[in-house]
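See structure below.
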Amino acid sequence: MELEKYYFENSKSLLHALPENEIEAIITDYKNGVKVLDIEKKYGLVKLNSFFKQLPFKLSDEVCEYCNIPIYIKVKRIGSRVSEFKLCIKCQHDNSGDCNCEQCANKMKIKNEERTRNLQILWNIHYVEHYNLNYTLNDLSIYDEIHLVLLFQSYSKVTNLLNFFNFRQNRFQLHRISGEYYSIINNFIDRKILIPDIYYFDSYGAIYSSNRSLPTIESLKINWILNINKSPGVLFTLSELITIIKERSYTLEDKKALWKEIYYSEVKKYIDFQSKKYLKISIDDQIIEQIVDQLLPAFPISKAYALIYYTINSSIRYTLDYSANERKVNSYFRNRMFEHILKYQDHKNLRDYNRPTQIELNYFNQYVLKNILKQENTYFYISRDKILGGNESEVKPLIL
Numbered sequence: 008m009e010l011e012k013y014y015f016e017n018s019k020s021l022l023h024a025l026p027e028n029e030i031e032a033i034i035t036d037y038k039n040g041v042k043v044l045d046i047e048k049k050y051g052l053v054k055l056n057s058f059f060k061q062l063p064f065k066l067s068d069e070v071c072e073y074c075n076i077p078i079y080i081k082v083k084r085i086g087s088r089v090s091e092f093k094l095c096i097k098c099q100h101d102n103s104g105d106c107n108c109e110q111c112a113n114k115m116k117i118k119n120e121e122r123t124r125n126l127q128i129l130w131n132i133h134y135v136e137h138y139n140l141n142y143t144l145n146d147l148s149i150y151d152e153i154h155l156v157l158l159f160q161s162y163s164k165v166t167n168l169l170n171f172f173n174f175r176q177n178r179f180q181l182h183r184i185s186g187e188y189y190s191i192i193n194n195f196i197d198r199k200i201l202i203p204d205i206y207y208f209d210s211y212g213a214i215y216s217s218n219r220s221l222p223t224i225e226s227l228k229i230n231w232i233l234n235i236n237k238s239p240g241v242l243f244t245l246s247e248l249i250t251i252i253k254e255r256s257y258t259l260e261d262k263k264a265l266w267k268e269i270y271y272s273e274v275k276k277y278i279d280f281q282s283k284k285y286l287k288i289s290i291d292d293q294i295i296e297q298i299v300d301q302l303l304p305a306f307p308i309s310k311a312y313a314l315i316y317y318t319i320n321s322s323i324r325y326t327l328d329y330s331a332n333e334r335k336v337n338s339y340f341r342n343r344m345f346e347h348i349l350k351y352q353d354h355k356n357l358r359d360y361n362r363p364t365q366i367e368l369n370y371f372n373q374y375v376l377k378n379i380l381k382q383e384n385t386y387f388y389i390s391r392d393k394i395l396g397g398n399e400s401e402v403k404p405l406i407l
């Protein structure tokens with residue numbers, strides 16, 4: 008096949024109609040650093056928007072590695088790091104590391120397939136050594152399931168992978184959800200329910216060393232997958248498991264346990280908020296648990312807040328009158344709280360209090376209230392019986 012001396016990538020180039028000697032002279036001037044304006048003036052060219060694009064490729068003695076025919080070479084662009092632009096007009100091979108011609112694409116495909124096979128062999132050995140715990144769905148608690156759904160919604164930017172790159176230690180607490188989930192994610196990683204994906208090995212650019220410690224939440228360039236067996240030797244994908252969790256049913260006992268978790272969280276936050284603000288102390292968690300056990304069956308959270316507020320006021324007076332230490336104030340708070348519970352057990356003259364704006368509902372509680380208990384707008388002011396619906400039949404959650 009006879010090839011022309013010049014190949015114009017831009018078929019509408021104004022240089023196309025010029026004689027070969029002028030084209031050669033223009034290329035030489037450009038190569039020698041003559042200003043574009045001077046070249047245009049010298050050869051009577053109208054001002055061009057992109058002069059370099061008007062320049063043609065020139066036939067060379069170099070041959071294409073695939074087609075074995077001469078290739079075209081274009082002069083180096085002024086200011087470019089690329090020395091020359093090369094092109095085979097038959098197969099479009101451009102001799103660059105980013106070439107997308109059919110031959111280069113096939114070579115890259117074969118290379119990637121070989122790399123994946125090698126990674127898989129390496130990963131299988133590593134998995135058996137460190138992660139082969141044979142977890143199944145039965146090993147997940149209700150709390151695990153809900154946390155996995157929330158992590159999926161917050162950190163799965165790529166299907167079936169969790170990305171915790173924002174948890175580098177020096178960047179922690181960039182957003183509120185980080186603080187809420189940091190310990191949860193660490194727990195999943197420590198239990199090896201979340202494990203690095205196969206490309207963990209590539210993230211270090213070297214073959215895995217048995218001396219290297221296992222990755223953590225703060226490890227860079229790592230995506231995480233589930234380590235829950237779907238069948239022997241096959242793991243659930245994250246999206247598969249999330250679908251199962253969202254479609255599962257919850258018994259009355261499940262809902263009771265989850266409501267108690269929410270109730271305790273709400274009461275503890277309010278007691279902590281009030282006691283630290285007005286009493287300058289912390290109420291012991293054990294005392295809070297005892298109080299919740301008494302409040303939960305009989306009082307909506309709104310009325311529980313009222314009782315807590317009354318008790319805080321009494322405790323302030325007790326502290327001022329007796330200069331009591333923290334231990335005595337804790338004891339007084341507990342006893343006074345029980346007195347108020349008994350006094351207002353029929354709810355007569357007991358107001359509903361609202362949640363202070365400083366106390367926020369965490370993401371776990373939001374999910375449970377909306378998707379499982381289905382009381383996201385009313386839960387704060389209604390009794391446990393109404394929360395649970397008084398029905399022991401299973402109820403399917405909505406999808407968040």
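Take the sequence shown: its position 111, counted from the start at 1, is 118 in our numbering, and no numbers get skipped. Positions of the beta carbon are idealized from the N, C-alpha and C atoms, including for glycine. Being a predicted model, the structure only gives us computed values, none of them experimental.
- prompt: Name the DSSP beta bridge partners of Ile80, please?
  reply: Translated into the one-based positions of the sequence shown, residue 80 becomes position 73. For Ile80, DSSP records a beta bridge to Lys65, Lys93.
Cross-strand partners of Pro203 (DSSP beta bridge): Mapped onto the sequence shown, residue 203 falls at position 196. Residue pairing by DSSP places Pro203 opposite Trp231 in a beta bridge.
- request: To the nearest angstrom, report how far apart Phe15 and Ile78 are at their CA atoms.
  value: Within the sequence shown, residue 15 is the residue found at index 8, counting from 1. Within the sequence shown, residue 78 is the residue found at index 71, counting from 1. In a straight line, the C-alpha of Phe15 is about 13 Å away from that of Ile78.
message: Less than 8 Å between the beta carbons of Leu52 and Lys81, yes or no?
response: By 1-based counting over the sequence shown, the position of residue 52 is 45. By 1-based counting over the sequence shown, the position of residue 81 is 74. For Leu52 and Lys81, no; Cβs fall outside 8 Å.
message: Among Glu27, Leu66, Thr35, whose alpha-carbon lies nearest the alpha-carbon of Ala9?
response: Here residue 9 refers to the residue found at position 2 when the sequence shown is read from its first residue. It should be pointed out that residue 9 corresponds to Glu in this sequence rather than to Ala. Among Glu27, Leu66, Thr35, the Cα nearest to that of Glu9 belongs to Leu66.
task: Assess, as a yes-or-no matter, whether the segment 249 to 268 is touched by the segment 315 to 325 under the definition of 3 or more beta carbon pairs within less than 8 Å.
output: Short answer: they don't touch.
message: Quick check on DSSP: helix, strand or coil for Val375?
response: For this step, residue 375 is matched to residue 368 along the sequence shown. The answer is helix: DSSP assigns Val375 an H, G or I state.
query: In the DSSP assignment, what are the bridge partners of Asn236?
result: By 1-based counting over the sequence shown, the position of residue 236 is 229. Bridge pairing for Asn236: Leu242 [DSSP].
- prompt: Are the segment 360 to 370 and the segment 301 to 316 touching by the rule of at least three beta carbon pairs closer than 8 Å?
  reply: By the Cβ rule, the segment 360 to 370 counts as touching the segment 301 to 316, because three or more pairs are nearer than 8 Å.
task: Rank Glu27, Ile46, Asn28 by C-alpha distance to the C-alpha of Asp36 and give the top, closest one.
output: Counting from 1 along the sequence shown, the entry for residue 36 is found at position 29. Checked all of Glu27, Ile46, Asn28; the closest Cα to Asp36 is Ile46.
field: Best match in Tyr370, Asn378, Asn28 for proximity to Ser256 [C-alpha to C-alpha]
entry: On the sequence shown, position 249 is the one that residue 256 refers to. Ser256 has its Cα closest to that of Asn378, out of Tyr370, Asn378, Asn28.
field: Neighbourhood of Leu376 by C-beta, 6 Å cutoff - its chain only, sequence neighbours within 5 removed
entry: Position 369 of the sequence shown, counted from the start, is the residue given in the question as residue 376. Taking C-beta separations shorter than 6 Å and ignoring five residues to either side along the sequence, the partners of Leu376 in its chain run Gln382, Glu383, Tyr386, following chain order.
The segment 154 to 167 / the segment 248 to 263 touching (three or more Cβ pairs under 8 Å): The segment 154 to 167 is in contact with the segment 248 to 263.
Which of helix, strand or coil DSSP assigns to Val43: The residue labelled residue 43 in the question sits at position 36 within the sequence shown. Reduced to three states, the DSSP call for Val43 is helix.
- request: Flag this pair as touching only if the segment 88 to 103 and the segment 133 to 144 have three or more C-beta atom pairs under 8 Å; answer yes or no.
  value: These segments do not touch.
query: Run through DSSP, which three-state label would Val274 get?
result: One-based indexing of the sequence shown puts residue 274 at position 267. Val274: helix per DSSP, three-state reduction.
- request: Would you please state the rounded distance, in angstroms, between the beta carbons of Lys54 and Asn17? I believe it to be under 8 Å.
  value: Looking up residue 54 in the sequence shown gives position 47. Looking up residue 17 in the sequence shown gives position 10. Contact doesn't hold; Cβ gap of about 16 Å is too wide.
field: Sequence-distant residues of its chain with Cβ nearer than 7 Å to Tyr207 (five each side left out)
entry: Taking the first residue of the sequence shown as 1, we reach residue 207 at position 200. Taken in chain order, the residues that qualify are Pro222, Ile229.
Where the alpha helix (DSSP H) through Asp392 begins and ends: Against the sequence shown, residue 392 aligns to sequence position 385. First-last of the alpha helix (DSSP H) with Asp392: 391 to 395.
message: DSSP three-state label for Asn119, please.
response: By 1-based counting over the sequence shown, the position of residue 119 is 112. Helix.
- prompt: When you compare only the Cα positions, how much space is there between Lys350 and Ser246?
  reply: For the purposes of this step, residue 350 is taken as residue 343 along the sequence shown, with counting starting at 1. For the purposes of this step, residue 246 is taken as residue 239 along the sequence shown, with counting starting at 1. Approximately 51 Å, taken between the alpha carbons.
- prompt: Just checking my contact of Val43 with Phe64 at CB under 8 Å: how many whole Å lie between their CB atoms?
  reply: Locating residue 43 in the sequence shown gives position 36, where the first residue counts as 1. Locating residue 64 in the sequence shown gives position 57, where the first residue counts as 1. Contact doesn't hold; Cβ gap of about 19 Å is too wide.
Contacting residues, own chain, Cβ-Cβ under 6 Å from Lys38 (five flanking each side not counted): As a first step, residue 38 is located in the sequence shown; it is residue number 31 there, counting from the start. Close CB contacts of Lys38 within its chain, under the 6 Å cut and outside five residues either way in sequence, are with Val82 (chain order).
query: Mind checking Ile409: buried by the 16 CB within 10 Å criterion, or exposed?
result: Within the shown structure, residues of the chain are numbered from 8 to 407, placing residue 409 beyond reach of any answer.
query: Apart from the five residues on each side of it in sequence, which residues of its chain come closer than 8 Å, Cβ to Cβ, to Leu242?
result: As a working mapping, residue 242 is identified with position 235 in the sequence shown. Contacts found: Ile232, Leu233, Asn234, Ile235, Asn236.
message: Within a Cβ cutoff of 6 Å, which residues of the same chain sit near Gln301, ignoring the five residues on either side of it in sequence?
response: Here residue 301 refers to the residue found at position 294 of the sequence shown. Excluding sequence neighbours, Gln301 sits near Ile348.
field: Closest Cα partner of Ser282 within the set Asp328, Leu227, Ile249, Tyr339
entry: Position 275 of the sequence shown, counted from the start, is the residue given in the question as residue 282. In terms of CA proximity to Ser282, Tyr339 leads the group Asp328, Leu227, Ile249, Tyr339.
field: Ranges of the alpha helix (DSSP H) found wholly within the segment 315 to 350, counting only runs of at least 4
entry: Correct list: 333 to 350.
query: So Cys98 packs on Tyr73, CB below 8 Å; how close in whole Å?
result: Against the sequence shown, residue 98 aligns to sequence position 91. Against the sequence shown, residue 73 aligns to sequence position 66. Yes, Cys98 and Tyr73 are in contact; Cβ-Cβ is about 5 Å, under 8 Å.
- prompt: By how many angstroms is the C-alpha of Tyr374 removed from the C-alpha of Pro239?
  reply: Position 232 of the sequence shown, counted from the start, is the residue given in the question as residue 239. Position 367 of the sequence shown, counted from the start, is the residue given in the question as residue 374. If you draw a straight line from the Cα of Pro239 to the Cα of Tyr374, it comes to about 32 Å.
message: For Val165, list the residues DSSP reports as bridge partners.
response: The count along the sequence shown starts at 1 and reaches residue 165 at position 158. Leu168, per the DSSP bridge assignment.
message: With distance defined between alpha-carbon atoms, name the residue in Asp353, Lys393, Ile278 nearest to Asn337.
response: Locating residue 337 in the sequence shown gives position 330, where the first residue counts as 1. When C-alpha distances from Asn337 are compared across Asp353, Lys393, Ile278, the shortest belongs to Ile278.
message: Does Leu22 come out as helix, strand or coil in the three-state DSSP assignment?
response: The sequence position of residue 22 within the sequence shown is 15, counting from 1. In the three-state reduction of the DSSP assignment, Leu22 falls in the coil class, being assigned neither a helical nor a strand state.
query: Roughly how many angstroms separate the alpha carbons of Glu109 and Met115, rounded to a whole number?
result: Looking up residue 109 in the sequence shown gives position 102. Looking up residue 115 in the sequence shown gives position 108. A straight-line Cα-Cα distance of about 10 Å links Glu109 and Met115.
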